[in-house]
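Student:
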Amino acid sequence: MPDSISSPVPATATPDPLVATLAQARKRLLLTQADLAAQAGLSRMTVQRLESNGLDPRLSTLHEMARVLGYELLAIPQAAHADVHAALARHLPPAAGHTPP
Numbered sequence: 006m007p008d009s010i011s012s013p014v015p016a017t018a019t020p021d022p023l024v025a026t027l028a029q030a031r032k033r034l035l036l037t038q039a040d041l042a043a044q045a046g047l048s049r050m051t052v053q054r055l056e057s058n059g060l061d062p063r064l065s066t067l068h069e070m071a072r073v074l075g076y077e078l079l080a081i082p083q084a085a086h087a088d089v090h091a092a093l094a095r096h097l098p099p100a101a102g103h104t105p106p
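Note that the numbering used here has the sequence shown beginning at 6, numbered continuously upward.
#1: Kindly list the residues whose CB is nearer than 6 Å to the CB of Q161, restricted to its own chain and excluding five residues on each side of it in sequence; keep chain order.
#2: Inspect the beta-carbon positions of L47 and E69 and report whether they are closer than 8 Å.
#3: Pick from A71, A94, A92, A87: whose alpha carbon is nearest that of R31?
#4: Quick check on P106: does DSSP put it in helix, strand or coil?
#5: Quick one: measure Cβ to Cβ for D21 and N58, integer angstroms, because I've assumed they're closer than 8 Å.
#6: How many whole angstroms separate the CB atoms of V107 and A28, which I take to be in contact at a CB cut-off of 8 Å?
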């Protein structure tokens with residue numbers, strides 16, 4: 006299972022936008038941290054620490070959380086970043102409190 010903890014995040018670190026997106030998706034789906042953890046094969050403490058920016062997650066952990074929440078992680082070329090965000094903005098409702106780049 007992908008429930009291994011990578012490393013603590015320094016106290017001064019800024020919230021990770023990917024983790025924030027996954028937390029927003031969890032809340033929109035009305036899942037508790039325990040629900041998400043159980044479905045992703047993680048501990049509730051791992052989800053809690055990720056969402057509170059207390060953990061630098063492994064890619065496999067993020068991948069499992071995203072899968073459970075109906076998301077897919079993918080890498081896009083930096084040069085295509087603006088075009089991809091514009092295309093997504095046409096198809097998805099804006100996230101609460103999020104302004105597209």
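All residues carry an ideal CB built from backbone N, CA and C; glycine is no exception.
Tutor: Let me lay it out:
#1: This structure gives no information on residue 161, because the portion of the chain shown stretches from 6 to 106.
#2: yes
#3: A71
#4: Bear in mind that a pLDDT of 46 at P106, under 50, signals an unreliable position, so the model cannot answer this.
#5: 7 Å
#6: The first residue shown for the chain is 6 and the last is 106, placing residue 107 beyond what the model contains.
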